[in-house]
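Asker: All residue numbers in the sequence shown are consecutive under our numbering, ending with 391.
Every residue, glycine too, gets a C-beta built ideally from N, C-alpha and C.
Values in this document were obtained by computation on a predicted structure and should not be read as measured data.
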Amino acid sequence: MILPPISTGGRAAQARLNAEKAAQHPQPQVEAELDLDDGTTVDVARRFVQISDEMSAALTQFRGRRQFELKSDALTDSFERVLEDDTVPKARQVLSLARLADKSTSWLLQMVRSLFPDDSDLALVLRELLRRKKLEARTRQRLEMLLQTVVAQGSPKRMSAGINSALKARMSGTSMAVRAGLLRETYRDFIESDSGPVSCYQDWIALYGPAQRSAVLAFIEAALLTDISAQDPSCSHVEFGQLLARVNDLKRLRSADDLFIRGLLGDALICRHNPDEPDWLVFLFGVLTYPDDLDQLLLGVLGERVLLSAHHERSTVLHKVRRLSLQLPAPLFVDEQAPLRLAEQFTRLADIAYALECIERRRPGGCS
């Protein structure tokens, strides 16, 4: 239904009637504001449009910032296996360098290597940049050329090992409070060396400290298993089999180390002569590697204090060390005959200690 138009006279009469009603029944301020004149209505409309524009601009800015944050987060996630610090800004620098058409490949390579010295990191960054859809043809070509050069000049085994072990190195580095890059390099050295378990163990202790030796071995094992299942593994099946055998040898050494050290440091008499774990670790490795030098090894770990102690006390200390040493697994020794030679050395020293103890306790009638 269409309402008939209201005449000018009708509007005036209606206005007077409204004024009389308003005088008799005052309305709240909100209703009074509804009776605005035309000029005020225009101002309100303009203000409303202005507010709408400001809100739209703010929303656009927020969306833009959010999209930038999402892109940055995605970029960070794609570089999670890159262990170099400040990866994202450095990757942007690599992209900017690749856009310099007047620079030679050798100059570009030198510059990007200064940003990412490790080949695994650099290869990952270049590959990730090449995955970008919006990339100028010339820039893409230069990035591809850089990647080909890095791959050709680097060691395939070390590069793949570095890429595959990066996440484990990052996690272990955080828990151990050491640089992830150092752990990655330790894994590379492990797969390239043929050192025995004692030598590896000693190297790790020298590099990370005695307290971290078990954590380093746990990282090496985790990194190796990750490398084996990677899309581009660093070694062949045969090589991985040999590496797994070496890890098992290291785990055997870790168990023997734990039993040996706990057995010694849990003895009050032993601790009275030397309570320091690092000294006993040196003795342990010495016994496994140089069993014929037992005299010097004992003197090094117990010092002259044991020589000045009572003979019966010296015999007790020697017996404890002998028992724990001869319980060490035979495969850990330097050769098959080493445990036998070590036992002979301990027997010789035990005989001497017993003879001296008898002299010390000698009474009329001798030592029974």
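Excluding the five sequence neighbours on either side, which residues of its own chain have a C-beta within less than 6 Å of the C-beta of Val239, listed in chain order?
Answerer: Only Trp227 and Tyr231 meet the Cβ criterion.
Asker: Closer than 8 Å is the cut-off here; do at least three beta carbon pairs connect the stretch 259–267 with the stretch 308–315?
Answerer: no
Asker: Measure the C-alpha to C-alpha separation of Lys115 and Phe139 and round it to an integer number of angstroms.
Answerer: Sequence check: residue 115 is Arg here, not Lys. Approximately 12 Å, taken between the alpha carbons.
Asker: Whole alpha helix (DSSP H) runs in the stretch 121–208 with 4 or more residues, listed along the chain?
Answerer: 128–138, 142–153, 160–176, 179–187 and 189–199
Asker: Out of Leu190, Asp280, Glu107 and Ala291, which has the shortest C-alpha to C-alpha gap to Ile392?
Answerer: The question about residue 392 has no answer here: the residues shown for the chain are numbered 24 through 391.
Asker: Count the other CB atoms within 10 Å of the CB of Lys156; is the residue buried (16 or more) or exposed (fewer)?
Answerer: exposed
Asker: On a CA-only basis, which of Leu341, Ser101, Thr209 and Ser222 is nearest Ala246? Give me that one, please.
Answerer: Thr209
Asker: Run through DSSP, which three-state label would Val105 get?
Answerer: coil
Asker: What ranges does the alpha helix (DSSP H) occupy inside the stretch 283–326, keeping only unbroken runs of at least 4 residues that lie completely in it?
Answerer: 291–296, 300–312 and 317–325
Asker: Would you mind sorting Gln254 into buried or exposed? The rule is 16 or more other CB atoms within 10 Å of its CB.
Answerer: exposed
Asker: Provide the residue span of the alpha helix (DSSP H) that contains Pro220, from first to last.
Answerer: Pro220 to Tyr231
Asker: Could you have a look at Cys381 and say whether DSSP puts it in helix, strand or coil?
Answerer: Cys381 falls in the helix class under three-state DSSP.
Asker: Quick check on the burial criterion: 16 or more other C-beta atoms within 10 angstroms. Buried or exposed for Asp109?
Answerer: Exposed, because fewer than 16 other Cβ atoms sit within 10 Å of the Cβ of Asp109.
Asker: What residue from Phe213, Phe102, Ala175 and Leu166 has the CA that sits closest to Val468's CA?
Answerer: No answer is possible for residue 468: it lies beyond the span of the chain, which begins at 24 and ends at 391.
Asker: Beta carbon of Arg122, beta carbon of Thr162: below 8 Å?
Answerer: Cβ atoms of Arg122 and Thr162: closer than 8 Å.
Asker: Suppose contacts are defined by Cβ-Cβ distances below 8 Å. Is Lys343 in contact with Ile293 by that definition?
Answerer: Yes. Within cutoff.
Asker: Alpha carbons only, please: which of His334, Arg346 and Ser348 is nearest the one belonging to Ala376?
Answerer: His334
Asker: If you run the structure through DSSP and keep just helix, strand and coil, what is Ala114?
Answerer: helix
Asker: Could you have a look at Val261 and say whether DSSP puts it in helix, strand or coil?
Answerer: Helix.
Asker: Does the stretch 295–302 come close enough to the stretch 321–337 to have 3 or more Cβ pairs within less than 8 Å?
Answerer: yes
Asker: What number of angstroms, rounded off, separates the C-alpha of Met182 from the C-alpha of Ser127?
Answerer: 25 Å
Asker: When the Cα of Ser195 is compared with those of Gly177, Gln235, Leu152 and Arg371, which residue comes out closest?
Answerer: Gln235
Asker: Are the CB atoms of Leu152 and Val117 within a distance shorter than 8 Å?
Answerer: The beta carbons of Val117 and Leu152 sit closer together than 8 Å.
Asker: Going by the CB atoms, is the gap between Ser259 and Val310 shorter than 8 Å?
Answerer: no
Asker: Does the Cβ of Leu276 have 16 or more other Cβ atoms within 10 Å, making it buried, or fewer, making it exposed?
Answerer: buried
Asker: Which word fits Pro352, buried or exposed, when buried means at least 16 other C-beta atoms lie within 10 angstroms of its C-beta?
Answerer: Answer is exposed; the Cβ neighbour count stays below 16.
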